[in-house]
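**Student:** Residue numbers (full-length UniProt numbering): 1 to 299. For each residue, glycine too, the CB sits at the ideal point set by N, CA and C. I have a structure here, written as structure tokens, and I will follow up with some questions on it.
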Amino acid sequence: LFAVLRLMPMLSHNLHFPEVIDNKWQILQRLGAGGFGTVYEVSEVGDEESRYAAKVQMGKDGKKVMRTEVKILSALQGKSSRICQLIACGSDNKVNYIIMNLTGRNLKDYKNSFRGKHLPPVDALKISIQCIEVIREVHEAGFIHRDVKPENFAVEFTGSADKIYLLDFGIARQYRFKNGSLRPARKTSLFYGTPEYASPNAFDEKELGRHDDLISWFYMVVEFYGGFLPWKPYKNNMKLCGQIKRKNFRSTKWLKNLPEEFTEIYETVSKMNYEEEPKYEIFIGKLKMILKRDHGINY
1 LFAVLRLMPM LSHNLHFPEV IDNKWQILQR LGAGGFGTVY EVSEVGDEES
51 RYAAKVQMGK DGKKVMRTEV KILSALQGKS SRICQLIACG SDNKVNYIIM
101 NLTGRNLKDY KNSFRGKHLP PVDALKISIQ CIEVIREVHE AGFIHRDVKP
151 ENFAVEFTGS ADKIYLLDFG IARQYRFKNG SLRPARKTSL FYGTPEYASP
201 NAFDEKELGR HDDLISWFYM VVEFYGGFLP WKPYKNNMKL CGQIKRKNFR
251 STKWLKNLPE EFTEIYETVS KMNYEEEPKY EIFIGKLKMI LKRDHGINY
């Protein structure tokens with residue numbers, strides 16, 4: 001169900017200043033919209049100086065997705081400083097909403113603000129390390145994200161990239177039970193994620209695991225560093241995008257213009273399976289190696 005929702009927009013809506021959500025949250029401006037719903041900058045009624053982000057969805061389907069996100073966000077509170085703080089949630093006659101701390105631009109917009117729409121190499125590596133660190137923290141809490149992509153990471157509200165936030169847990173899933181045991185993989189699943197960054201397993205409708213989050217992360221890292229994703233021109237054609245990903249999955253030719261550590265990371269992550277514990281520190285270490293060797297930076 002959630003996978004289908006992921007590919008189809010929620011019921012469209014548009015709130016405007018000076019509308020108020022649930023008699024508590026004053027709409028200031030719209031920040032963005034997509035299949036997940038719409039995000040607004042809001043202030044708390046009675047506190048004009050306060051600033052928060054309100055994620056808003058409509059209808060029964062929106063309520064189901066939001067319930068999932070609230071459950072997972074609640075479980076992640078205190079587990080990572082790079083997960084948005086859950087301030088409040090609820091619904092009124094029109095919308096379902098989550099109130100969170102306000103972040104800055106998402107990493108897609110941040111990346112596109114640079115010349116050539118690529119991050120400077122040092123920034124690309126530092127941000128990539130932060131991204132895998134917060135993914136690891138989510139995994140350690142027992143969840144997989146299933147929609148890792150630049151739009152679901154954001155810089156700080158100040159615009160600084162010194163701290164990166166992971167956003168949007170609407171299709172995340174608990175992969176581990178509370179007793180620590182691994183949840184058995186289902187034989188088949190639906191497509192979850194975004195075609196451009198989803199792993200080949202998503203296209204094959206297999207159960208997604210921690211390794212799939214890391215494959216999506218790696219695709220992001222390649223783009224951040226100025227590399228090219230061979231399937232990107234076909235991202236709007238699900239079938240063709242999946243075919244090209246499968247074709248390139250066991251090949252590293254598309255990484256030939258990048259530092260050798262990229263190939264080493266990819267060869268490891270592409271061979272992982274659902275049960276395997278990811279070697280996050282090895283991947284982080286290889287990116288730090290590039291920073292030190294090619295840029296003279298200890299990070």
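Counting only the same chain and skipping the five closest in sequence on each side, list residues whose C-beta sits under 6 Å from that of Asn-14.
**Tutor:** Along the sequence shown, one-based indexing puts residue 14 at 14. Counting only Cβ-Cβ distances below 6 Å, and skipping sequence neighbours, we find nothing.
**Student:** For Met-100, which residues does DSSP report across the bridge?
**Tutor:** Here the question's residue 100 lines up with position 100 in the sequence shown. BP columns for Met-100 point to Ala-53, Leu-86.
**Student:** Grouping DSSP H, G and I as helix and E and B as strand, with all else coil, what is Gly-37?
**Tutor:** Numbered from its first residue, the sequence shown carries residue 37 at position 37. Residue state, collapsed to three classes: strand.
**Student:** Can you give me the start and stop residues for the alpha helix (DSSP H) that Ile-244 sits inside?
**Tutor:** Taking the first residue of the sequence shown as 1, we reach residue 244 at position 244. That run of the alpha helix (DSSP H) goes 238–249.
**Student:** So what does DSSP say about Phe-2, is it helix, strand or coil?
**Tutor:** The residue you call residue 2 lines up with position 2 of the sequence shown. The predicted model places Phe-2 with a pLDDT of 35, which falls under 50 and marks its position as unreliable, so this point remains unresolved.
**Student:** Using the three-state DSSP reduction, which class does Asn-112 fall into: helix, strand or coil?
**Tutor:** Numbered from its first residue, the sequence shown carries residue 112 at position 112. Asn-112 falls in the helix class under three-state DSSP.
**Student:** So the alpha helix (DSSP H) His-118 belongs to, where does it begin and stop?
**Tutor:** Along the sequence shown, read from residue 1 onward, the residue named residue 118 stands at position 118. Taken as a continuous stretch (DSSP letters only), His-118 belongs to no alpha helix (DSSP H), as it is neither H nor E.
**Student:** What is the C-beta distance between Met-100 and Tyr-175, in whole angstroms, given that I count them as a contact (C-beta under 8 Å)?
**Tutor:** Residue mapping note: residue 100 aligns to position 100 of the sequence shown, counting from 1. Residue mapping note: residue 175 aligns to position 175 of the sequence shown, counting from 1. The Cβ separation is near 23 Å, so there is no contact.
**Student:** With a threshold of 8 Å, are at least 3 pairs of Cβ atoms found where one atom belongs to the stretch 163–172 and the other to the stretch 110–118?
**Tutor:** no
**Student:** Classify Asn-106 as helix, strand or coil using the three-state DSSP reduction.
**Tutor:** The sequence position of residue 106 within the sequence shown is 106, counting from 1. DSSP places Asn-106 in strand when its eight states are reduced to three.
**Student:** For Gly-180, count the other beta carbons within 10 Å of its own beta carbon; 16 or more makes it buried, fewer makes it exposed. Which is it?
**Tutor:** Locating residue 180 in the sequence shown gives position 180, where the first residue counts as 1. By the 10 Å Cβ count, Gly-180 comes out exposed.
**Student:** With three or more beta-carbon pairs closer than 8 Å as the criterion, would you say the stretch 186–200 touches the stretch 236–243?
**Tutor:** yes
**Student:** Per DSSP, Asp-47 forms a beta bridge with which residues?
**Tutor:** In the sequence shown, the residue the question calls residue 47 occupies position 47. According to DSSP, Asp-47 bridges with Glu-44.
**Student:** Taking Val-134 as the reference, which of Asn-298, Arg-210, Lys-292 has the closest Cα?
**Tutor:** Stepping through the sequence shown from its first residue, residue 134 is reached at position 134. Taking only the C-alpha atoms, the option nearest Val-134 is Arg-210.
**Student:** So who's on the other strand from Ser-128, going by DSSP bridges?
**Tutor:** Locating residue 128 in the sequence shown gives position 128, where the first residue counts as 1. Answer is none; Ser-128 lacks a bridge partner.
**Student:** With a cut-off of 8 Å on the beta carbons, I'd call Val-122 and Ile-297 a contact; round off their distance for me.
**Tutor:** As a working mapping, residue 122 is identified with position 122 in the sequence shown. As a working mapping, residue 297 is identified with position 297 in the sequence shown. The pair is a contact, with the Cβ atoms about 6 Å apart (cut-off 8 Å).
**Student:** Rank Tyr-225, Glu-41, Lys-245 by C-alpha distance to the C-alpha of Lys-232 and give the top, closest one.
**Tutor:** In the sequence shown, counting from the first residue as 1, residue 232 sits at position 232. Among Tyr-225, Glu-41, Lys-245, the Cα nearest to that of Lys-232 is on Lys-245.
**Student:** Classify Asp-147 as buried or exposed, calling it buried when 16 or more other Cβ atoms lie within 10 Å of its own Cβ.
**Tutor:** Residue numbering aside, residue 147 sits at position 147 when the sequence shown is read from its first letter. Buried: at least 16 other Cβ atoms inside 10 Å.
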